[in-house]
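Asker: If you're matching them up, the sequences are chains V and P in order. With this note's numbering as the guide, the letters of the first sequence map in order to residues 1 to 112. With this note's numbering as the guide, the letters of the second sequence map in order to residues 1001 to 1117. Glycine included, every Cβ here is placed at the ideal spot set by N, Cα and C. Since we're looking at a predicted model, the values are computed, not measured.
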Amino acid sequence: QKEVEQNSGPLSVPEGAIASLNCTYSDRVSQSFFWYRQYSGKSPELIMSIYSNGDKEDGRFTAQLNKASQYVSLLIRDSQPSDSATYLCASMNSGGYQKVTFGTGTKLQVIP
Amino acid sequence: GAVVSQHPSWVICKSGTSVKIECRSLDFQATTMFWYRQFPKQSLMLMATSNEGSKATYEQGVEKDKFLINHASLTLSTLTVTSAHPEDSSFYICSAMGLAGLSNEQYFGPGTRLTVT
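#1: If we call anything under 8 Å between Cβ atoms a contact, is Ser1145(P) one with Leu1026(P)?
#2: Starting from Thr1075(P), follow the beta strand (DSSP E) in both directions and report where the run begins and ends.
#3: Can you give the Cα-Cα distance for Glu45(V) and Ile1093(P), rounded to whole angstroms?
#4: Which term fits Val100(V), buried or exposed, when burial requires 16 or more other beta carbons within 10 angstroms of its beta carbon?
#5: What does a CB cutoff of less than 7 Å around Asn66(V) pick up in its chain, not counting 5 residues either side in sequence?
#6: Is there a Cβ of chain P sitting closer than 8 Å to that of Phe33(V), yes or no?
#7: Taking 8 Å as the CB-CB limit, is Pro44(V) close to chain P?
#8: For the beta strand (DSSP E) that Gln1006(P) lies in, which residues bound it at each end?
#9: Enumerate in chain order the residues of its own chain whose CB-to-CB distance from Gln80(V) is below 7 Å, with the five nearest sequence positions on each side excluded.
#10: Check the Cβ of Phe1067(P) against every Cβ in chain B and list those closer than 9 Å, keeping chain order.
#11: Could you run through the stretch 45-71 of chain V and flag, in chain order, every residue whose CB is less than 8 Å away from some CB of chain P?
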């Protein structure tokens, strides 16, 4: 059973639209959540981290966390072609042995 | 922001030889470093977790005698692929996490592309 699940996509949105990326996790002890962007052939780049229920905004990006529903999302406003990449959702447990679990990623395509 | 470097960025080696990959946190101290492997069009696969001054913790199915990890200081971890074979050809990525209590965000190095011929 996958611990962090994402729709593999591709998710296609027109330039200027809002892209909504979703992620669910199964481990209730997960406390920290992260969104990474990975361009083809490159390593992942941290976009957002979120630890508390609610929304966290950073520029065009908004992360949303709902621990009761075990759901994390990332909204990208005013999507640009340069946002086209694979977005990885990750969760971290709260125990002494910190382990980050990654989803398989959602491929986003922003159409000019 | 936190910067993690990897060296080399790409390497080609002959089957049976060993290759060492270095991972450095340049502007922060990392108590924990992670090593991942990623095959084309596949997701990241965690190989091992490395804590400074202690033995690495390997994920199930990863041979610790083949993938030697050393985390000698708070800014350097190395991965040595011993007796490499063509099936070891992959994109190896390290990441580093800051000191506990300061940040649990993981920052990735640029990756090392290994090709074994």
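Answerer: According to the data block:
#1: Limits of chain P in this structure are 1001 at one end and 1117 at the other, which puts residue 1145(P) out of reach.
#2: Run containing Thr1075(P): none; DSSP gives neither H nor E here.
#3: C-alpha separation (whole angstroms): 12 Å.
#4: Its Cβ being crowded by 16 or more others within 10 Å, Val100(V) is buried.
#5: Correct list, in chain order: Asn53.
#6: No, Phe33(V) lies away from the interface with chain P (no Cβ there is under 8 Å from its Cβ).
#7: Yes, its Cβ sits closer than 8 Å to a Cβ of chain P.
#8: Its beta strand (DSSP E) spans residues Val1004 to His1007.
#9: Excluding the 5 residues flanking it on each side, Gln80(V) has same chain C-beta neighbours closer than 7 Å at Glu15 and Val110, in chain order.
#10: Protein chains V and P are contained in the structure displayed, whereas chain B is not.
#11: Considering only beta carbons, the part of the stretch 45-71 of chain V lying closer than 8 Å to chain P consists of Glu45, Leu46 and Ser49, in chain order.
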